[in-house]
Every structure is written in structure tokens, then in C-alpha cells.
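As C-alpha cells, the structure follows; a few thoughts come after it.
In mature numbering (1 follows the signal peptide of the UniProt record, and there is no 0), the protein residues as written are -19 to -1, 1 to 397.
Quick look at the structure:
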């Protein structure tokens, strides 16, 4: 079953068919005179899975009173199926046609694509013959086209009706979710469009007939048949007058159609205006000038309050920093006063004799001592000779030996 189902669908897709019968399957899969067994069971299984459906059942769920092809399709074949079911015969008749749902949906999508991309997309109503000529490459036969239209009817994309014995098809326009029923206005527009096409064809035919009469008159005049040439010219003038009258009628019909198109456009614009006004009214339901002014005043008050708070906070910060600075300056002043000595400092007099110039750095010995200023007098009880000996001893210690200590008895005593 899993093998045969996709194989049958693929084979029918390659053939461009949307329906198949048991006889068709026998012909397609016959090899060397042998027919696969169980194809009827496969069709029954596909019917139970919803992959296929009988044509009569497929058309029963929609308004298919406009169908006119194959009377036996809707009457004889369902009757045979009903009798076989009542008699307990579960075999599938060879000629019973089944619609492959997947393929008919593909045809419906392709049909809508062809219509919307054609020059007839601006017309919502088409005759069945016009649609048939438009979709010949999509639907190879009338049965396929009718099944695709039934699928589109199920999807609410088209509606088919009969008008004066003629089948007309109405398509949903772009932006519409579903097609509307055929109204009297639609029928009137369709009749005007059909009159426009007929008048245009008639005017073109009269123009060709007038040209033919003119050429015939020229030929007769060359042959010397003047009277016959005049008759042809009279016929030409008559054709031209008729063409002019029909052309005036054609222009009148075109003007009416243009007015209808403009009125429909105006109606759409009015509907858009009404929807916009309704939406604006709802959006401004709770908005008034008084409320707007009140909100603006509240916002201004809050802004003023915030500015006052900011200024207050900034002023307090400045005051606190100023007080701290004064305290720190007072503390620093007290520290300076504590560190100052109680009385005046007693310093020796500054020497007034200049130092001898030209002495080399690192000068030692007597020359260095001679260059020193005289030692001021003191009351320490040490003589100059003792100081000289001590200095010499210090000079010897600088040359490499450890300094010798001054004897305790020679060590100067501090003044009492």
C-alpha cells in the first residue's frame, strides 16, 4: 500500500490528470500483458485515507448545479455504485472515476495563478468559455477544469452560476478573503463588458469589410468596370457609417464602465475614510483639551519642584564644605603654634671672613685646618693644643685606622 499510493499519484501528475479509474491503472501498470493484482484494494485504501474521492461525492458538497459535462458522471455512475453497495459487492468498477485530492488542489492553485497574472485579472466575472481558453495549458480537458473550479468553490475563491444559459465564473479579487455571491450589479457589469467586446469586434469587422470594398473598387476601376467600382465604393461608405455609429455606442459603453470603475474606487475610498474616522474616534475617546492642559500643568509643577529640590541640595552641600574648611584652618594654625619653640634660638655668629679660593676638593691636613675660621671662645675648659692634637688624631683615623678614643681625663666636660 505504501508503495502504490505515491506511485499512482506521481503517474497521474506526469499525465496531467486529476482523476483516475481502475481501468486507467490497469493500462498504466500493465507489463508484458500482465496487470498487477490488488489495484482495486489500493484504490479502496486510498479512499479510506482520504487520498481519493469519487467524483460524485467530490461535487456533492458544493453547489454544482452548473455542471453539464457527462450526465453519467453524476447520475449513472453513482447509481451503479449504490446498487453494487446494496448488493454487497465490494469490488471497484473498472470505469468508476476517482478524484485525487492532492492533484486537484494543485490544479486549483495553478488556475488562480494563471487568472491573476493574465490581462483579465481586472474583471471579476468571466464566461466559462473565456476561462477555458485562458487555462488550456493548465487544464487539458473540460472535466479537469470543472474539478478545479469545484475545489476553488470549496475554498470560497470562486463561485459559478448560470445566466441566460451561460456559465459565468466569479473570482475573488486581491485582498478579499473569500468571493462574494454574484449580484445584479455583477451581472450588469458583465453584460456591459460583453457588449463592449461584441461592439469592438463588430467595429473591427466593419473596418476590414470597408477596406476590402475599397480594394475591390480599385481593382474594378483598373479593369474599366466603373459602375461596379462605384457600387463597391457605396458599400464602403455604408460600412464606414455603420462602423462610426457602432464606435459611438462603443465609446458610450466604455464611458459607463469607466464611471462604474470610478464609483467602485470612490466607494472603497469612502469605506477607508469611514474606517479611519472610526479608528480615530476610538483612539481619541478619552482624550480632551482640558485633560491635556491639566497634564501639562502637572508636568510643569513637577519640574519646578524638582528644580527647587536640586537647588536646596546644592546649597546645603556648599555650606557643609565651607564649615569644614574653617575648622581645618584653625586646627592647622594650632599645630603650627604647638611646634614653635618657647624662646628665641641662640645661634653662633655668622663668620665674616671669606674662604680661601683655589682649594682642591678633598683637601686634608694642616692646609684644611688653616682654612677654617677661628673657633669662637668658649668656657668648656679645653685648650687649643688639645684640640689640635685631637684633630690630628681624627685625620689619621680617616686614612685607614680606627679612630682613637679621647682619654676620659682629657675629654671636655660640659659646662655646668
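Glycine residues also receive a C-beta, built at the ideal position from the N, C-alpha and C atoms.
Only a predicted model underlies this, so the values are computations on that prediction, with no experimental measurement involved.
Asked: Bridge partners - residue -1, DSSP secondary structure assignment; Found: 80
Asked: Exposure of residue 5, with buried meaning 16 or more beta-carbon neighbours within 10 Å; Found: buried
Asked: Cβ-based burial, residue 133 [other Cβ within 10 Å; buried from 16]; Found: buried
Asked: Selection from 97, 154, 153 and 89 that minimises the alpha carbon distance to residue 129; Found: 89
Asked: Residue burial classification, residue 66 (beta-carbon count within 10 angstroms, cutoff 16); Found: With a pLDDT of 47 at residue 66, under the threshold of 50, the modelled position of this residue cannot be trusted; read the value that follows with caution. Residue 66 comes out exposed.
Asked: Buried versus exposed call for residue 220 [16 or more other C-beta atoms within 10 Å across all chains shown]; Found: buried
Asked: Separation of residue 122 from residue 102, as counted between CA atoms; Found: 22 Å
Asked: Classification of residue 292 by the beta-carbon crowding that lies within 10 angstroms, buried from 16 upward; Found: exposed
Asked: contact_flag[the stretch 212 to 227, the stretch 180 to 192] where n(CB pairs < 8 Å) is 3 or more; Found: yes
Asked: Other residues of its chain near residue 209: CB distance less than 6 Å, five sequence neighbours each side excluded; Found: 201
Asked: Three-state secondary structure (DSSP) of residue 139; Found: strand
Asked: Enclosing beta strand (DSSP E) for residue 34 [first to last residue]; Found: 33 to 35
Asked: Cβ shell of residue 7 (< 7 Å), same chain only, five flanking positions each side left out; Found: 16 and 20
Asked: Cβ-based burial, residue 191 [other Cβ within 10 Å; buried from 16]; Found: buried
Asked: Backbone secondary structure at residue 12 - three-state DSSP; Found: strand
Asked: Coarse secondary structure for residue 109, derived from DSSP in three states; Found: helix
Asked: Beta-carbon proximity check, residue 167 vs residue 238, cutoff 7 Å; Found: no
Asked: For residue 141 and residue 81, believed in contact at Cβ under 8 Å, the rounded distance; Found: That belief does not hold up - the Cβ atoms of residue 81 and residue 141 are roughly 22 Å apart, past 8 Å.
Asked: Counterpart residues of residue 400 in DSSP-defined beta bridges; Found: Missing from the structure shown is residue 400; the chain here goes from -19 to 397 and no further.
Asked: Buried versus exposed, by CB contacts within 10 Å (16 or more), residue 41; Found: exposed
Asked: Beta carbon of residue 79 nearer than 7 Å to that of residue 23; Found: no
Asked: Separation of residue -7 from residue 127, as counted between CA atoms; Found: 17 Å
Asked: Integer Cβ distance of residue 170 from residue 241, believed to fall under 8 Å; Found: 6 Å
Asked: Beta carbon of residue 150 nearer than 7 Å to that of residue 85; Found: no
Asked: Host alpha helix (DSSP H) of residue 330 (start-end); Found: No alpha helix (DSSP H) contains residue 330, which DSSP labels as neither H nor E.
Asked: Beta-carbon proximity of residue 9 to residue -9, cut-off 7 Å; Found: yes
Asked: Collapsed DSSP secondary structure at residue 152 in the structure displayed; Found: strand
Asked: Exposure label - residue 39; buried when at least 16 CB within 10 Å; Found: buried
Asked: First and last residue of the uninterrupted alpha helix (DSSP H) at residue 246; Found: 207 to 264
Asked: Helix, strand or coil at residue 376 [DSSP, three-state]; Found: helix
Asked: Nearest-angstrom Cα separation, counted from residue 92 out to residue 153; Found: 13 Å
Asked: Buried versus exposed, by CB contacts within 10 Å (16 or more), residue 439; Found: Since the first residue of the chain shown is -19 and the last is 397, residue 439 is not available in this structure.
Asked: Exposed unless 16 or more other CB atoms sit within 10 angstroms - verdict on residue 100; Found: exposed
Asked: Opening and closing residue of the alpha helix (DSSP H) in which residue 117 lies; Found: First-last for residue 117: undefined, no H or E at that position.
Asked: DSSP-derived helix/strand/coil call for residue -14; Found: helix
Asked: Buried versus exposed, by CB contacts within 10 Å (16 or more), residue 422; Found: The shown model of the chain, from -19 to 397, leaves out residue 422, and the question about it has no answer.
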